[in-house]
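K.L.:
Below is the structure I would like to discuss, written out as structure tokens.
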Amino acid sequence: MSLNSVPLANRIHIGLFGRRNAGKSSIMNAITGQNLSIVSEIKGTTTDPVIKAMELLPLGPVAIIDTPGIDDEGELGELRVKRSYQMLNKSDVAVLIIDANIGMSKEDEKLLKKIKEKAIPYLIVMNKADIKEIEKKEADTIWVSAKTGKNIFELKEKLAKLALQEETEKTIVADLLEPSDLVLLVVPIDKAAPKGRLILPQQQTIRDILDADCVSIVVKENQIAETLENLKQKPKLVITDSQVFDVADSYTPKDIWLTSFSILFARYKGNLKQAIEGARAIETIRDSDKILISEGCTHHRQCEDIGTVKLPSWIRNYTNKNIEFEFTSGTEFPEELEQYKMIIHCGGCMLNDREMTYRYRCASDQDTPITNYGILIAHLKGILERSIEPFSL
Numbered sequence: 002m003s004l005n006s007v008p009l010a011n012r013i014h015i016g017l018f019g020r021r022n023a024g025k026s027s028i029m030n031a032i033t034g035q036n037l038s039i040v041s042e043i044k045g046t047t048t049d050p051v052i053k054a055m056e057l058l059p060l061g062p063v064a065i066i067d068t069p070g071i072d073d074e075g076e077l078g079e080l081r082v083k084r085s086y087q088m089l090n091k092s093d094v095a096v097l098i099i100d101a102n103i104g105m106s107k108e109d110e111k112l113l114k115k116i117k118e119k120a121i122p123y124l125i126v127m128n129k130a131d132i133k134e135i136e137k138k139e140a141d142t143i144w145v146s147a148k149t150g151k152n153i154f155e156l157k158e159k160l161a162k163l164a165l166q167e168e169t170e171k172t173i174v175a176d177l178l179e180p181s182d183l184v185l186l187v188v189p190i191d192k193a194a195p196k197g198r199l200i201l202p203q204q205q206t207i208r209d210i211l212d213a214d215c216v217s218i219v220v221k222e223n224q225i226a227e228t229l230e231n232l233k234q235k236p237k238l239v240i241t242d243s244q245v246f247d248v249a250d251s252y253t254p255k256d257i258w259l260t261s262f263s264i265l266f267a268r269y270k271g272n273l274k275q276a277i278e279g280a281r282a283i284e285t286i287r288d289s290d291k292i293l294i295s296e297g298c299t300h301h302r303q304c305e306d307i308g309t310v311k312l313p314s315w316i317r318n319y320t321n322k323n324i325e326f327e328f329t330s331g332t333e334f335p336e337e338l339e340q341y342k343m344i345i346h347c348g349g350c351m352l353n354d355r356e357m358t359y360r361y362r363c364a365s366d367q368d369t370p371i372t373n374y375g376i377l378i379a380h381l382k383g384i385l386e387r388s389i390e391p392f393s394l
């Protein structure tokens, strides 16, 4: 990732949906001014969702999602349609593209109904207006031609207005700080740490601290005590990687706030209260219960991977129960959650807010407790109450 690029999870996600050959890929190329997607007269050219991070004026950094046709056929086609519907959960703005010569189909109406149920801001685009010149003035509809460029500029302006409705001014930690406050960040460097860089939550937190006109000091877990002893100014807050929560707790005086990157991101994504309640469900685990551990990204698993190795081990040791674990990663997230006694999710730094909100809402709707890695680890280590002290809950 470029040092100057905006993380994908922080970009407004604009999903392009519609039937095969409605012109989704053509519209994507037209609004971006680039040949990002293959355009063909053959139905079903787009077989998997394609996400492109780019700058879209007048909006700025966005992620545009080109999806397979919602009228695809056959066994494989049904899977493609399902993937398209899954992309609604990532979309901050949904664009339903319709061939103006055919009009709204039953597949379009079904998708539009789902968009409205999910309360996603949307726009209906009647494409191929170069062929069919009948236009209707409707607030949620625009007639365009990807071929001639007709109304493409107006389309981009409408998308910008819809997307700006979704933008909110949020901070990760800055609202807890005053200018010139000192923050100590504890970052282990182990086999799972990416060589030559920090992971995204650590980068974003450091930037948020700088934006608050505060000072951050980054140390490894074996440097906490020495650093605290040598500092002339007491830190306002210590933020630690969850895997060394107990170490950070033992070295951090009780009059200094202590929390983790995971907990901060649960709050940042709006899921903190639900995740705290979800962590307490570990006390109800019994033999043969099933737990889902879900990772938002698809990184290469290390031998001491936190999701697939460390967490299951810590949970078994804590509960002393014979538990069945299932694992998902990336965009995969089960629709049926009632089979699980609880769900343990990563911090979600690679997923946008809408996707995380969807997953937590699915769990709530099916009465399945959900928490995240850091909050559960804090509970297992007996320091959850201390780690949420900085927040007004």
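Residues 2 to 394 in our numbering are what the sequence shown lists, from first letter to last.
No residue lacks a Cβ here, since even glycine has one placed at the ideal position from N, Cα and C.
Everything numeric in this text was worked out from a predicted model, so none of it was measured.
1) Taking the continuous beta strand (DSSP E) assigned at Met343, which residues delimit it?
2) Extract the residue ranges of the alpha helix (DSSP H) inside the region 208-266, only unbroken runs of 4 or more that lie entirely within it.
3) If you draw a straight line from the alpha carbon of Asp109 to that of Val96, how long is it in whole angstroms?
4) Which first and last residues belong to the alpha helix (DSSP H) in which Met357 is found?
5) Between the C-alpha atoms of Gly383 and Asp212, what's the straight-line distance to the nearest angstrom?
6) In angstroms, rounded to a whole number, what distance separates the CA positions of Asp288 and Ala364?
7) Do Ile125 and Thr149 have their C-beta atoms closer together than 9 Å?
8) Between which two residues does the beta strand (DSSP E) containing Ser295 stretch?
9) Less than 8 Å between the CB atoms is what I'm expecting for Ile103 and Ser85, so what's the real figure, rounded?
10) Can you pull the DSSP bridge partners for Val63?
11) Give me the residue from Tyr269, Pro391, Ile376 with the minimum Cα distance to Asn353.
12) In three-state terms, what does DSSP make of Gly104?
13) Spell out a yes or no on whether the region 224-236 and the region 313-325 are touching, meaning 3 or more CB-CB pairs, one atom from each, closer than 8 Å.
14) Within 10 angstroms of the Cβ of Ile99, are there 16 or more other Cβ atoms? Answer buried if so, exposed if not.
15) Helix, strand or coil for Glu386 per DSSP?
16) Within the chosen definition, does the region 241-250 reach the region 369-388 through at least 3 CB pairs nearer than 8 Å?
17) How long is the line joining the alpha carbons of Val184 and Phe392, rounded to whole angstroms?
18) How big is the Cα-Cα spacing for Cys215 and Ser251?
19) By how many angstroms is the C-alpha of Leu80 removed from the C-alpha of Ser261?
20) Compute the distance between the beta-carbons of Leu238 and Leu178, then report whether it is under 9 Å.
21) Measuring CA to CA, which of Glu336, Tyr319, Glu333, Val188 is closest to Ile240?
22) With DSSP as the reference, please indicate the residues paired to Asp142 in a beta bridge.
23) Near Thr296, which residues of its chain fall below 6 Å by C-beta distance, leaving aside the five closest residues on each side in sequence?
24) Does the beta-carbon distance from Leu165 to Pro8 come in below 9 Å?
25) Can you tell me whether DSSP reads Leu199 as helix, strand or coil?
26) What residue from Glu356, Gly78, Thr253, Leu77 has the CA that sits closest to Cys298's CA?
27) Helix, strand or coil for Ser26, going by three-state DSSP, please let me know.
P.N.:
Taking the geometry as given:
1) By 1-based counting over the sequence shown, the position of residue 343 is 342. That run of the beta strand (DSSP E) goes 343-346.
2) 225-231, 246-252
3) Taking the first residue of the sequence shown as position 1, residue 109 is located at position 108. Taking the first residue of the sequence shown as position 1, residue 96 is located at position 95. Rounded to whole angstroms, Asp109 to Val96 spans 11 Å at the Cα level.
4) As a working mapping, residue 357 is identified with position 356 in the sequence shown. From DSSP, the alpha helix (DSSP H) with Met357 extends over 354-366.
5) Against the sequence shown, residue 383 aligns to sequence position 382. Against the sequence shown, residue 212 aligns to sequence position 211. Cα to Cα, Gly383 sits roughly 32 Å from Asp212.
6) Here residue 288 refers to the residue found at position 287 when the sequence shown is read from its first residue. Here residue 364 refers to the residue found at position 363 when the sequence shown is read from its first residue. Cα to Cα, the separation comes out at about 22 Å.
7) If you number the sequence shown from 1, residue 125 lands on position 124. If you number the sequence shown from 1, residue 149 lands on position 148. No. Outside cutoff.
8) Against the sequence shown, residue 295 aligns to sequence position 294. Here the beta strand (DSSP E) through Ser295 covers 291-296.
9) Translated into the one-based positions of the sequence shown, residue 103 becomes position 102. Translated into the one-based positions of the sequence shown, residue 85 becomes position 84. Wrong, their Cβ atoms sit about 18 Å apart, outside the cutoff.
10) Residue numbering aside, residue 63 sits at position 62 when the sequence shown is read from its first letter. Val63 is bridged to Ile13, Met55.
11) Start at 1 with the first residue of the sequence shown, and residue 353 comes out as number 352. When only C-alpha atoms are compared, the closest one is Tyr269.
12) Within the sequence shown, numbered from 1, the residue matching residue 104 stands at position 103. In this structure, Gly104 counts as coil in the three-state DSSP scheme.
13) Between the region 224-236 and the region 313-325 there are fewer than three C-beta pairs closer than 8 Å, too few to call the two in contact.
14) For the purposes of this step, residue 99 is identified with residue 98 of the sequence shown, where counting begins at 1. When all chains shown are included, Ile99 counts as buried.
15) In the sequence shown, residue 386 corresponds to position 385, counting from 1. Helix at Glu386.
16) Under the Cβ criterion (8 Å, minimum of three pairs), the region 241-250 counts as touching the region 369-388.
17) Numbered from 1 along the sequence shown, position 183 holds the residue referred to as residue 184. Numbered from 1 along the sequence shown, position 391 holds the residue referred to as residue 392. The C-alpha of Phe392 is placed about 16 Å away from the C-alpha of Val184.
18) Mapped onto the sequence shown, residue 215 falls at position 214. Mapped onto the sequence shown, residue 251 falls at position 250. Cys215 and Ser251: Cα-Cα distance of roughly 25 Å.
19) Locating residue 261 in the sequence shown gives position 260, where the first residue counts as 1. Locating residue 80 in the sequence shown gives position 79, where the first residue counts as 1. The straight-line gap from Cα to Cα measures roughly 38 Å.
20) The count along the sequence shown starts at 1 and reaches residue 238 at position 237. The count along the sequence shown starts at 1 and reaches residue 178 at position 177. Cβ atoms of Leu238 and Leu178: closer than 9 Å.
21) Within the sequence shown, the letter at position 239 stands for residue 240. Among Glu336, Tyr319, Glu333, Val188, the Cα nearest to that of Ile240 is on Val188.
22) Numbered from its first residue, the sequence shown carries residue 142 at position 141. The identity of residue 142 in the sequence shown is Thr, whereas the question assumes Asp. In DSSP, Thr142 forms a bridge with Ile125, Glu139.
23) Position 295 of the sequence shown, counted from the first residue, corresponds to residue 296. Thr is not the amino acid found at residue 296; the sequence shown has Glu there. Cβ within range, chain order: Gly308, Ser330, Cys347.
24) For this step, residue 165 is matched to residue 164 along the sequence shown. For this step, residue 8 is matched to residue 7 along the sequence shown. No. Outside cutoff.
25) For the purposes of this step, residue 199 is taken as the residue at position 198 of the sequence shown. Of the three classes helix, strand and coil, the one that applies to Leu199 here is coil, per DSSP.
26) The residue labelled residue 298 in the question sits at position 297 within the sequence shown. It is Glu356 whose Cα lies nearest to the Cα of Cys298.
27) Taking the sequence shown and counting its residues from 1, the one referred to as residue 26 is at position 25. Helix.
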